[in-house]
């Protein structure tokens with residue numbers, strides 16, 4: 129009897145192992161606007177990539193978010209993070225490629241130039257995804273909530289996490305959202321056109337969202353909290369780059385809708 133049970137268990141294991149994985153993976157590579165966050169201290173900060181799985185049927189689509197705080201297209205490659213994604217990729221998988229927020233920073237470990245090293249790295253992601261049988265989706269960087277009449281100096285978005293509400297209190301804001309990315313929002317579209325690659329204009333989508341909500345309403349998308357408003361932020365914060373839970377969900381839904389419009393075959397797995 130014990131031998132019979134053992135044979136049944138082995139047979140079931142073999143049959144299970146023989147069933148092919150029918151899920152398609154959507155990998156995300158990028159920076160803090162999309163990244164997974166440390167939730168151990170109760171922070172409401174979220175990357176839009178954390179909310180993308182809820183937009184697709186998990187029976188068929190698996191979102192694997194490799195975006196990391198503070199990374200540029202250069203540092204993501206240099207740290208071996210891209211090699212890790214490539215090793216996990218199988219034919220038919222998708223890769224969302226979204227950088228720019230940190231490529232535009234001056235630090236040598238992160239900085240790239242649009243029209244040059246930034247475009248080269250984006251093209252590398254596209255080319256090597258295709259070599260693995262994957263399908264690349266280029267995105268430009270999401271818009272910052274930038275209504276300031278005079279733009280504050282911002283050498284590092286990651287430093288925003290150490291600021292308080294009072295640090296931004298003197299910023300004067302107008303009615304129109306100001307672009308902060310310049311050619312870094314243009315380069316991904318140019319690379320996509322040259323390489324005949326799928327492209328989602330995340331910058332325009334989020335610009336329109338921020339502008340439609342206005343100066344006050346757009347704060348609800350971001351890590352913008354008055355002192356005492358959230359238990360994890362006793363001194364509050366004015367962070368116009370990073371999303372809170374609500375913001376990540378709204379942006380993920382908009383980007384998912386744009387993805388299925390660009391790639392109709394994914395529409396049947398899209399959750400309204």
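Residue numbers (the numbering used here): 129 to 400.
Glycine included, C-beta positions come from ideal geometry on N, C-alpha and C.
Short check: CB of residue 272 to CB of residue 217, under 7 Å?
Not in contact: residue 272 and residue 217 (Cβ atoms no closer than 7 Å).
Could you tell me the alpha carbon to alpha carbon distance between residue 203 and residue 180, rounded to whole angstroms?
Cα to Cα, residue 203 sits roughly 24 Å from residue 180.
Leaving out five residues on either side along the sequence, give the residues of the same chain with a beta carbon under 8 Å from the beta carbon of residue 263.
For residue 263, where only same-chain residues beyond five positions count, the Cβ hits under 8 Å are 220, 221, 222, 223, 257, 326, 391.
What distance in whole Å lies between the Cβ atoms of residue 306 and residue 279, which are believed to be in contact at a cut-off of 8 Å?
Indeed they touch by this definition, with Cβ atoms about 7 Å apart.
What residue does the alpha helix (DSSP H) around residue 318 start on, and which one ends it?
That run of the alpha helix (DSSP H) goes 315-322.
Counting pairs of beta carbons, one from the segment 171-191 and one from the segment 238-255, are three or more of them closer than 8 Å?
No: fewer than three Cβ pairs fall under 8 Å.
Nearest by alpha-carbon distance to residue 374: which of 365, 352, 321, 363 is it?
Among 365, 352, 321, 363, the Cα nearest to that of residue 374 belongs to 352.
Would you decide whether residue 232 is buried or exposed? Buried here means 16 or more other CB atoms lie within 10 Å of its CB.
Buried is the call here.
Residue 191: buried (16+ other C-beta within 10 angstroms of its C-beta) or exposed?
The residue is buried, with at least 16 neighbouring Cβ atoms inside 10 Å.
Quick one: give me the first and last residue of the alpha helix (DSSP H) that residue 375 is part of.
Counting along the chain, the alpha helix (DSSP H) containing residue 375 begins and ends at 373-390.
Find out if the Cβ-Cβ distance for the pair residue 171, residue 360 is shorter than 7 Å.
Closer than 7 Å, so yes.
Residues in its own chain within less than 8 Å of residue 378 by CB, not counting five upstream and five downstream?
337, 349, listed in sequence order.
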